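Enquirer: Below is the structure I would like to discuss, written out as structure tokens.
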Amino acid sequence: MAKRYLILEDGSAYAGEGFGAGATTSGEVISNLNLLGYQETITDQIYHNQIIIFAQPAIGNVGINHDSYESILPTAKGMVVRDVTNISTNRLSRLSLDEFLQQHNIPGISGIDTRHLIRKLRQQAGPMKGSIVDVADAHAFDQLNATVLTNRQVDQVATPRPYPNPDTGKNVVVIDFGLKHGILRQLSERRCNVTVLPWTASAQDVLNLDPDGVLLSTGPGSPLDLGAGVLEMIREVQAEIPLFAIGLGHELFALANGAELKALPVEYHGSSHPIRRIITNDIIYATQGQGYAVIAKSIDRDRLITTYVDLINGTVQGLRHRDYPAFSVQFFADGAPGPHESRDLFDEFMEAMTAREG
Numbered sequence: 001m002a003k004r005y006l007i008l009e010d011g012s013a014y015a016g017e018g019f020g021a022g023a024t025t026s027g028e029v030i031s032n033l034n035l036l037g038y039q040e041t042i043t044d045q046i047y048h049n050q051i052i053i054f055a056q057p058a059i060g061n062v063g064i065n066h067d068s069y070e071s072i073l074p075t076a077k078g079m080v081v082r083d084v085t086n087i088s089t090n091r092l093s094r095l096s097l098d099e100f101l102q103q104h105n106i107p108g109i110s111g112i113d114t115r116h117l118i119r120k121l122r123q124q125a126g127p128m129k130g131s132i133v134d135v136a137d138a139h140a141f142d143q144l145n146a147t148v149l150t151n152r153q154v155d156q157v158a159t160p161r162p163y164p165n166p167d168t169g170k171n172v173v174v175i176d177f178g179l180k181h182g183i184l185r186q187l188s189e190r191r192c193n194v195t196v197l198p199w200t201a202s203a204q205d206v207l208n209l210d211p212d213g214v215l216l217s218t219g220p221g222s223p224l225d226l227g228a229g230v231l232e233m234i235r236e237v238q239a240e241i242p243l244f245a246i247g248l249g250h251e252l253f254a255l256a257n258g259a260e261l262k263a264l265p266v267e268y269h270g271s272s273h274p275i276r277r278i279i280t281n282d283i284i285y286a287t288q289g290q291g292y293a294v295i296a297k298s299i300d301r302d303r304l305i306t307t308y309v310d311l312i313n314g315t316v317q318g319l320r321h322r323d324y325p326a327f328s329v330q331f332f333a334d335g336a337p338g339p340h341e342s343r344d345l346f347d348e349f350m351e352a353m354t355a356r357e358g
């Protein structure tokens, strides 16, 4: 493995060993605290244009398998790990991590003190840019500092055209903001006949398909960059059809119903995160991929009810509309990767669609 460097916009450089592709890339540097599920993480479109630092010290030991893709074409900009291995005894493995990253032109760098890097990111106010390069010279830092990160992430990863995921049950429209396949798997397990629409779809585009329910998907970037048209679509659709929103979809659902958002000082990405379900006062554990949070004081209590709260930072994790069968959660209800305790939210969505028929 060739020597490579991770450089950060604060002028620091970290030497390590390269693996995967030999590409030079730049992106926002974030940390992920998952102990398992690196394949699901690296293929999740919420990590579009991001370099992911993994807290788990050993990465690669279960290889890559057919069942754990969250998108067909991953668009993360790189991975940073303490140790990498290409030896796997997992019977489902079809590729090594190194081979997978080479196929998708994603660079990796190992031999890095990831604990130090994660502490640095947590002390940093706001996002930090970084690059994986061959030489950490002045030119590399100039190139990094000149890099402008896009705010059109959803445009770059969401489908531009509708497509079906057929079955024989409920007709569900999924609005794609950077859809992860775990959502489609959960709907398929419930025999839903799914049509995926672009995020630019209007309310009339949705209603023309006569769906039993609508799901707003997860996705990358800021919900504040998507414009008023999306919010108007949500307001019109929620009044007609049961609606379930996840991740970025949850944030847009909140905005559409008058709430405000704030950017978190540090993005949180990890699993087994404790969430309190308010109605029962029990605790579930879920997977998070959160850069924005609903401001609790901004919630219009005549329209929305808070249903879930984060036990670590106190942020709003779930909302429900008082007048319509519409609800949302910030965390990944599909549990890919991570705990499966929140998958019953898909059953709740199914019940809302059945109740509408009755």
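Be aware that the sequence shown starts at 1, since it is given in full-length UniProt numbering, and climbs by one per residue.
Glycine is no exception: its CB is placed at the ideal position from the N, C-alpha and C atoms.
Predicted model only: the values in this text are computed from it and were never measured.
Residues in the same chain with beta-carbon distance under 8 angstroms from S88, minus the five sequence neighbours each way, listed in chain order, please.
Expert: In the sequence shown, residue 88 corresponds to position 88, counting from 1. These residues qualify, in order along the chain: G60, N61, V62, G63 and S96.
Enquirer: Out of K120, P127 and T85, point me to the one whose CA is closest to Y38's CA.
Expert: Looking up residue 38 in the sequence shown gives position 38. Checking every option, the nearest Cα to that of Y38 belongs to T85.
Enquirer: Mind checking Q50: buried by the 16 CB within 10 Å criterion, or exposed?
Expert: What you label residue 50 is simply residue 50 of the sequence shown in a count that begins at 1. Classification for Q50: buried.
Enquirer: Which parts of the stretch 66-132 are runs of the alpha helix (DSSP H), unbroken and 4 residues or longer, counting only runs that do not cross its ends?
Expert: Counting whole runs of 4 or more residues, the stretch 66-132 contains the alpha helix (DSSP H) stretches 97-103 and 114-123.
Enquirer: Could you pull the start and end residues of the beta strand (DSSP E) that A245 belongs to?
Expert: As a first step, residue 245 must be located in the sequence shown, where it is residue number 245. Note, A245: beta strand (DSSP E), L243 to I246.
Enquirer: Just list the alpha helix (DSSP H) runs in the stretch 183-233, keeping only unbroken ones of 4 residues or longer that don't cross its boundaries, in chain order.
Expert: 203-207
Enquirer: Excluding the five sequence neighbours on either side, which residues of its own chain have a C-beta within less than 7 angstroms of the C-beta of I278, listed in chain order?
Expert: In the sequence shown, residue 278 corresponds to position 278, counting from 1. The residues are T306, T307, Y308 and V309.
Enquirer: Using the three-state DSSP reduction, which class does A336 fall into: helix, strand or coil?
Expert: Taking the sequence shown and counting its residues from 1, the one referred to as residue 336 is at position 336. Of the three classes helix, strand and coil, the one that applies to A336 here is coil, per DSSP.
Enquirer: Could you tell me whether the Cβ atoms of W199 and I175 are closer together than 7 angstroms?
Expert: Counting from one through the sequence shown, the residue named residue 199 turns up at place 199. Counting from one through the sequence shown, the residue named residue 175 turns up at place 175. Yes, the pair counts as a contact, with Cβ atoms nearer than the cut-off.
Enquirer: Which partner residues does E348 have in the DSSP bridge list?
Expert: As a position in the sequence shown, residue 348 is number 348, starting the count at 1. DSSP, once it has assigned bridges, lists no residue as partnering E348.
Enquirer: Using 7 angstroms as the threshold, is the C-beta distance between A326 and L243 below it?
Expert: Here residue 326 corresponds to residue number 326 of the sequence shown, with the count starting at 1. Here residue 243 corresponds to residue number 243 of the sequence shown, with the count starting at 1. Yes, Cβ-Cβ distance for A326 and L243 is below 7 angstroms.
Enquirer: Can the beta-carbon of F331 be found less than 7 angstroms from the beta-carbon of A286?
Expert: In the sequence shown, counting from the first residue as 1, residue 331 sits at position 331. In the sequence shown, counting from the first residue as 1, residue 286 sits at position 286. Yes.
Enquirer: Buried or exposed for Y268, please, with buried defined as at least 16 other CB atoms from any protein chain shown within 10 angstroms of its CB.
Expert: In the sequence shown, counting from the first residue as 1, residue 268 sits at position 268. It counts as buried.
Enquirer: Roughly how many whole angstroms lie between the Cα atoms of R320 and P127?
Expert: Start at 1 with the first residue of the sequence shown, and residue 320 comes out as number 320. Start at 1 with the first residue of the sequence shown, and residue 127 comes out as number 127. Rounded to whole angstroms, R320 to P127 spans 30 angstroms at the Cα level.
Enquirer: Should V157 go down as buried or exposed, given a rule of 16 or more other Cβ atoms within 10 Å for buried?
Expert: Residue mapping note: residue 157 aligns to position 157 of the sequence shown, counting from 1. By the neighbour-count rule (16 or more Cβ atoms within 10 Å), V157 is buried.
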